[in-house]
Amino acid sequence: MRAAPHSTLSFVGHLPLGPVGEQLIAQLLRAIPERSWLFKYGRMRMSWLLAQRMVERISSPPLRSARCKLTLIAEATADLTPAVPNEILEDYDKYFWPKSESMVGGKKKTPLPRQIGQPFVAVNIDPRAEGSILSRDEAKELQVRQVVTGATGGAQGLVSDATPSDPFSEKRASKARVIKTEAVEPTTRVTLNKWDYVLRQLFILKSTPLEKAIQNLGPGASILLSKLTGPDIPESRKVDIKAPINALSLQDFARIVEEFHKWPFAPDVLFIADQVEEDRN
């Protein structure tokens with residue numbers, strides 16, 4: 040993806056409330072590393088008007104209850120900054136329609152995420168020049184290169200769907216950020232399917248320490264703990280295995296995904312749909 044943001048192309052939208060809005064923003068964030076949709080033209084800025092609760096879902100720091108798989112995908116792919124000061128949009132009924140449910144006596148049974156009248160904020164989402172996630176096209180190029188050169192990685196898919204990189208080497212302003220992420224040490228970029236699998240399996244046990252939750256990655260996955268901590272691991276690459284899942288940083292997850300990727304006995308089937316198809320065959 041090009042080093043500079045796209046100079047003429049941008050996308051402006053209003054994110055729906057509830058699960059539909061969350062699914063939409065998740066799909067668009069996943070399109071960034073895959074360079075699909077409008078991101079095939081470069082680092083296009085997205086400007087969104089969305090509920091404060093959704094901002095919390097995509098930008099919650101460690102230890103917050105709202106921190107989830109979507110948060111990590113957002114951190115790994117983009118920078119979030121406020122488009123306008125949040126206080127400008129605080130008066131919902133002054134700027135938005137329909138009127139809030141509190142004003143018109145809305146149904147009390149409406150789930151909070153879909154209640155009309157939640158505070159809205161405006162944010163800019165700028166794709167990173169190179170995030171922690173490797174695109175499928177890059178993975179295919181590496182696979183072709185592996186065949187041509189006869190290179191072998193010594194681990195399952197080591198060359199074909201991962202590449203070493205420093206994902207956050209680009210300098211960025213931080214004063215106006217909604218979310219601030221710490222610099223990540225050079226690590227291996229891995230494809231989205233493995234990020235998806237690791238995040239999904241671990242966030243099922245978001246309050247459980249990593250040393251116990253890691254078994255959810257597959258039989259024998261506890262062997263990965265020795266790769267994440269120990270006297271022979273540099274301090275900059277260590278992960279606190281006693282910390283609960285929702286306390287881990289993006290750098291911590293990048294290390295976990297990296298070691299899962301290198302693990303020769305990692306599961307081959309990473310999606311439920313794949314498992315169903317395999318059972319049919």
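If you count the sequence shown from 1, you need to add 39 to reach the numbering used here. The beta-carbon is built from N, C-alpha and C at its ideal position, and this holds for glycine as well. These numbers were taken from a predicted model, which means no experiment stands behind them.
| Asked | Found |
| --- | --- |
| Comparing C-alpha positions only, which one of L249, V51, T47 and R294 sits nearest to I172? | R294 |
| As an exercise, report each continuous beta strand (DSSP E) stretch of at least 3 residues that is fully enclosed by the segment 59-93, in chain order. | 84-90 |
| Under the three-state reduction of DSSP, which class applies to G269: helix, strand or coil? | coil |
| Taking 9 Å as the cut-off, decide whether the C-beta atoms of W234 and L111 are in contact. | yes |
| Taking the alpha-carbon positions, what's the L103 to A286 distance? | It is worth fixing the name first, because residue 103 is Arg in this sequence and not Leu. So the two alpha carbons sit approximately 8 Å from each other. |
| T116 by DSSP, collapsed to three states: which one? | helix |
| Three or more C-beta pairs closer than 8 Å, one from the segment 68-84 and one from the segment 160-177: is that the case here? | yes |
| Could you check how far apart the C-beta atoms of L267 and A252 are, in whole angstroms? I think they sit under 8 Å. | Not a contact, Cβ separation roughly 12 Å. |
| According to DSSP, S49 sits in a beta bridge with which residue or residues? | R84 |
| Measuring straight from C-alpha to C-alpha, what distance separates S98 and P273? | 28 Å |
| DSSP on D307, reduced to helix/strand/coil? | coil |
| Run through DSSP, which three-state label would D291 get? | helix |
| Grouping DSSP H, G and I as helix and E and B as strand, with all else coil, what is V237? | helix |
| What is the C-beta distance between L256 and V278, in whole angstroms, given that I count them as a contact (C-beta under 8 Å)? | Going by Cβ atoms, the distance from L256 to V278 rounds to 14 Å, so no, they are not a contact pair. |
| Could you give the first and the last residue of the continuous beta strand (DSSP E) run that contains A252? | Looking at the DSSP string, A252 is not in any beta strand (DSSP E); the run it does join, the alpha helix (DSSP H), is L249 to A252. |
| Between Q185, F299, V186 and V160, which lies nearest to G52 when the distance is taken from Cα to Cα? | V160 |
| Write down the C-beta distance between E177 and Q154 rounded to the nearest angstrom, noting that I regard them as a contact closer than 8 Å. | In fact, because the Cβ distance is near 42 Å, the residues do not count as touching under 8 Å. |
| For C107, collect the residues of the same chain with a Cβ closer than 7 Å to its Cβ; drop the 5 residues on either side in sequence, then sort them by chain order. | R96 and F242 |
| Which value, in whole angstroms, describes the spacing of the CA atoms of L128 and L88? | 10 Å |
| Would you kindly check if the distance between the Cβ of E114 and the Cβ of L289 is under 9 Å? | yes |
| Taking the DSSP output, what are the residues bridged to A161? | L88 |
| Between L68 and the rest of its own chain, which residues show a CB-CB distance below 6 Å, the 5 nearest in sequence each way excluded? | I112, A113 and T116 |
| Straight-line CA distance for T397 to W76? | This structure gives no information on residue 397, because the portion of the chain shown stretches from 40 to 320. |
| Alpha helix (DSSP H) containing E133: first to last residue? | Note on identity: in this sequence residue 133 is Lys, with Glu being the wrong assignment. Where K133 is concerned, the enclosing alpha helix (DSSP H) stretches over Y131 to Y134. |
| If I'm right that P72 touches G170 with Cβ under 8 Å, what's the distance once you round it to whole angstroms? | 6 Å |
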